[in-house]
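For reference, the structure is listed below as structure tokens.
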Amino acid sequence: MTHPAISATTPAPVDPVGLDAGFEAALDEAFARAVDATGASVVVGTVADSGADPARWSPTLQAEGVKTVGRYVTAAGNGPVAIVADGSGDAWSGFRFELGGSRAVFVMVALPTLDELESARVEAIASGLARHALEDGGRRRRGQLDRLLTTARRVAESLELETVLTSIVDDARTLLDAESGDMLLWDRERNKLRVVAVSNFPPDMLGFELDFGDGVSSRAILEQHTIEVDDYRTYPYRARALDRYDFGPVLCAPLIFRGVAIGALNLHAGGGQRGFPAGAADLLAAFAGHAAIAIDHARRYENEVRLGRVLADTNRDLSRSLTVQQRLAEQVLLDAGADGIAAVLAEHLGRSVVIQDHLHRLIAGAAPDGGDGWLHLVPDTRPTGRGTSERDPFSIAVRVGRAVVGHLLLSSDEDLGSIDRALVDVATTGVALEFAKKRAAVEVEERLRGEAIADLLTGSYPSEEAIAARAARLGHNLSEPHDILVINAAGPSGSSATLDLDPTLDHDRLRELLEQVNERLAARARQSVAIAHGGRIVVLAAAGRSAPEGGRELADGLRTTLESTVGPGRVTVALGDRCRRPDDYAPACGLAHEAVDLLLKLGREGAVISAGDLGPYGLLLRVSSRNDLATFAEQLLRPLVEHDRSHGGDLISTLRAYLEEDRVQRRVAARCFIHVNTVVYRVRRIEELLGVDLGDPKVVFDVTLALRILDVLAPSTEIASPASPAARSR
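Counting from 29, one number per residue, gives the positions in the sequence shown under the working numbering.
This is the structure:
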């Protein structure tokens, strides 16, 4: 395949994401790998506050098209990105990974969709580009932090903040020949002044607090200039909490940094001292300025150290996130299955993980220690005596498209952090990929199985040996007996699914019903198989000793299951003849289809019938109209029906048994639990009411046909007898 781009188009160098020059090589590599992986046009770039910056793109692309991709990527979220063709541009697919803040990297391919392998490769390329960007940014930040910490460490080793502030107070007191001194900082949140350094004061003054507004320090901070008090004992704004100290003259300078007052530096004159020397206010203000700078530097240092820890933690979390993403992608690509995904997630989240299918059936589970601690998340496997303090797990739906295909359960021992939530999102995507992969494999298997079974049901095979061998390769043993079930479900408006509905909707609806049938077969008849055939569902139900339930019971159960979806009375099932060799399947399937057609024709939708019970009478039923059939049965059997209704008799049931037992009176008596003489009496009474001779073969045929009509048309026909099977089943 010829690639649409041999080399990339590179714009003028820009650095919107704040990365070093080494990132250019990473962009080149990502572009080349994406082109090689997909064979399509590619755009690779970064996103920052100013928007997307396409750094590399295929030379065949127009500049406007590249800008369009950039606009879509700027507005996209983290993860997969799809741009739908709208007539003004091509469709694109790819991935966008955020680096923190508004920064991100992206890899976009000019394809409407990516297959599973292409998607995994492009995601890995974008993930690798993001990792490179994060590592480069981390190295740059660590270098800056190292320089900052080295400078701050030298200052801290020689001039620790408390020592620096105390030295400033000592120097000011000594230079200005004061008796004592102190420094206070303003806690704006608490509106307090707190003593942080003293000179020639009792040590217990450290930590002493004043309400802001009391004392000369509050006035100096508010007015932002140095204040000299001749006698603090008579100062109207004095702090009365300090009256125990015999202060005379006081000089107070505010600590101002960048126009903001943060505290105050005070000097107290000794006893007998009249005041402070000239220029003392300016000198103390200079000391206060140095103190403010030292405090600001100390706060900056503390903030930078804290920021460094945050950055280091964030970098570690991001690296962990990318590592988990890579490992989860490996689990999917290496066919490790749901067990592998659960194990990776449990290890990195430090909590138990359970994966369930859409019916909440257990698929996989894992605990951080590799044990079975995850079992407490599954209700059916929770050990007895579980503590009531344990929090319930929380569940995340796993979707493929709009359909929920599974659930991811996590223990709720602790709240998830932002990085862990991102990991859960990644894991959910990984589980979705695993389910999608399995669904694709199942669809392929179902298609192969469906093709083989369809050929079996239509007789389209060269020999019985060939079709038996073909079925055996798919896990089906045709040497074992099977019953054929043909299921017809009503359409959305009550019409049959085989009518001319929207083919897409009809196919999706039929597939949904087929999945329900397969789920019931998996639970109740594992050796049975179901396929969609002729717009209906055909089941090859395992028969004989290996079958947990008979064909009739299975048919009733499947009808009940499907009626929960399409509504009561809208599922019709016909049982074909039992098949013991490959050549039996096509006739049995055809007969069952005809039986369904007959029930629908006669208005018996929602019934279950055995096609074999109709026998040759089915031919007459299929070629006659409903009204003709009802008239024939009514004229012949009405006398018996009316007799049974008025006298509470059992002539209809006796007649049915008499004909089915080949008119042998002893067998009829045993079947009906009555005496032989009673049988003789009832047969004579039947002949009198009908005016016929049941020894006449023609009469036997007519009466048998009328009874079959009664079975098929009931309960809708007016001649239904309370004693008939249809009436008894009402």
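Don't be surprised by glycine CBs; every beta carbon is placed ideally from N, CA and C.
| Span separating the alpha-carbon of A754 from that of A602 | Caution applies to A754, whose pLDDT of 37 falls short of 50 and renders its modelled position unreliable; the value that the coordinates give is listed next. One C-alpha to the other measures close to 16 Å.
| Which residue spans inside the segment 226 to 283 form an unbroken beta strand (DSSP E) run of at least 3? | 237 to 239, 255 to 257
| So, A366 versus A395, is the Cβ gap smaller than 8 Å? | no
| said: Tell me the rounded alpha-carbon separation between I565 and R537. | reply: 12 Å
| task | Alpha carbon to alpha carbon, how far is L127 from L213? Give it in angstroms, no decimals. | result | 39 Å
| L626 versus Y613: straight-line alpha-carbon distance, rounded | 20 Å
| Is the CB-CB distance between A560 and V567 below 8 Å? | no
| query | Excluding the five sequence neighbours on either side, which residues of its own chain have a C-beta within less than 7 Å of the C-beta of E185, listed in chain order? | reply | For E185, the predicted structure reports a pLDDT of 45, less than 50, and the residue's modelled location is therefore unreliable. A value from the coordinates is still provided. So the list is empty, once near-sequence residues are dropped.
| field | Extent of the continuous beta strand (DSSP E) to which R348 belongs | value | That residue, R348, is in no beta strand (DSSP E); its alpha helix (DSSP H) goes 308 to 361.
| message | Residues in the same chain with beta-carbon distance under 8 Å from E689, minus the five sequence neighbours each way, listed in chain order, please. | response | R695, V696, R699
| said: Let me confirm a value: Q359 is counted as buried when at least 16 other C-beta atoms fall within 10 Å, else exposed. Which label applies? | reply: buried
| query | Apart from the five residues just before and just after E462, which ones in its own chain have a Cβ nearer than 7 Å to its Cβ? | reply | V360, G365, A366, I369
| task | Could you say which of R302, A297, E251, L339 lies nearest to I290 if we only look at CA atoms? | result | E251
| said: Please list the terminal residues of the continuous alpha helix (DSSP H) segment that includes G365. | reply: 365 to 377
| If I495 sits next to Y489, beta carbons under 8 Å apart, how far is it from one beta carbon to the other, in whole angstroms? | 4 Å
| field | Contacting residues, own chain, Cβ-Cβ under 7 Å from A710 (five flanking each side not counted) | value | Residue identity check: residue 710 is Arg in the sequence provided, not Ala. Around R710: L679, T682.
| Can you give the Cα-Cα distance for P140 and A60, rounded to whole angstroms? | 20 Å
| Quick one: what's D210 bridged to in DSSP? | V226, N294
| In terms of DSSP beta bridges, what is W120 paired with? | I111
| message | From the DSSP secondary-structure annotation, give me the bridge partner or partners of G393. | response | V382
| message | Within 10 Å of its beta-carbon, does V112 have 16 or more other beta-carbons around it, so buried, or fewer, so exposed? | response | exposed
| message | Can you tell me whether E689 is helix, strand or coil according to DSSP? | response | coil
| request: Please classify S423: does DSSP put it in a helix, a strand, or coil? | output: strand
| Looking only at its own chain, which residues have a Cβ that is under 7 Å from the Cβ of R266, when we skip the five neighbours before and after it? | G243, Y260
| message | Buried or exposed, going by whether 16 or more other CB atoms sit within 10 Å of the CB of E144? | response | exposed
| said: Quick check: what's the CA-CA separation for R389 versus E151? | reply: 30 Å
| message | Which of the three DSSP states is assigned to I702 in this structure? | response | coil
| Of the listed residues G336, L335, L377, nearest to T351 (C-alpha basis) | L377
| request: Kindly indicate the opening and closing residues of the beta strand (DSSP E) around G79. | output: 79 to 85
| At what residues does the beta strand (DSSP E) containing L513 begin and finish? | 510 to 517
| message | Can you check which of these residues, L619, V459, L687, S380, is closest to T486 by C-alpha distance? | response | L619
| query | Hey, which unbroken runs of the beta strand (DSSP E) at 3 residues or more fall wholly within the segment 548 to 611? | reply | 557 to 561, 564 to 570, 599 to 607
| request: Taking only the alpha-carbon atoms, compute the straight-line gap between R501 and A553 and give it to the nearest angstrom. | output: 20 Å
| Cβ neighbours of A62 in the same chain (closer than 7 Å, five flanking residues each side left out) | V70, V72, V135, V137, V150, I153
| Quick check: the segment 273 to 285 against the segment 296 to 313, are there 3 or more CB pairs under 8 Å? | yes
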